[in-house]
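Enquirer: Residue numbers (full-length UniProt numbering): 1 to 175. Don't be surprised by glycine CBs; every beta carbon is placed ideally from N, CA and C. Since we're looking at a predicted model, the values are computed, not measured.
1. Does DSSP put residue 54 in a helix, in a strand, or in coil?
2. Just to confirm, are residue 25 and residue 31 a CB contact at a threshold of 8 Å?
3. Using the C-alpha atoms, what's the distance from residue 152 back to residue 112?
4. For the alpha helix (DSSP H) containing residue 124, list its first residue and its last residue.
5. For residue 130 and residue 156, what's the separation of their Cα atoms in angstroms?
6. Might you give, ordered along the chain, the residues of its own chain that have their beta carbon closer than 8 Å to the beta carbon of residue 13, omitting 5 neighbours on each side?
7. Measuring only the C-alpha atoms, how far is residue 164 from residue 120?
8. Which residue from 137, 105 and 5 puts its Cα closest to that of residue 51?
9. For residue 125, count neighbouring C-beta atoms within 10 Å of its own C-beta (all shown protein chains included) and say buried if the count is 16 or more, exposed if not.
10. Can you check which of these residues, 74, 34 and 73, is closest to residue 61 by C-alpha distance?
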């Protein structure tokens, strides 16, 4: 099957996938992300689709498996943080007071490091940090989704390299 034909067929299935994804997620943004991930996987693994078989069924299996894998990951993260591990506000006050000066130096260093990141990487990174989803950033900037992900990744690497001293200090404090 040609790529164009597959894309056309996937577009036809999108509304039904979105409705099904919404039943899983209960949130329209999460459902859109789930459909997007499903369609990307379908394109990536199009060679495993047998022409003449049920495309809709194949897509729904991908959607369901993608949701299940995502759910398992989020559940594992949630299980790592237990309510008894949380600190009360009274326990946090001495720590926050002592860290105020350090945090102001850290923020200044982060801003300096961020200013050194090329604008094409910095803008998507800042948008992602502000809570925007990849597809929202891609739409706003008019660039492909993969480019957004690459630029955010590159910005992280640059910042990690520039702020390496803080990571070394943190590792010393852990040991």
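Expert: Answer, in terms of the structure:
1. coil
2. yes
3. 17 Å
4. 119 to 129
5. 14 Å
6. 55, 56 and 59
7. 22 Å
8. 5
9. buried
10. 34
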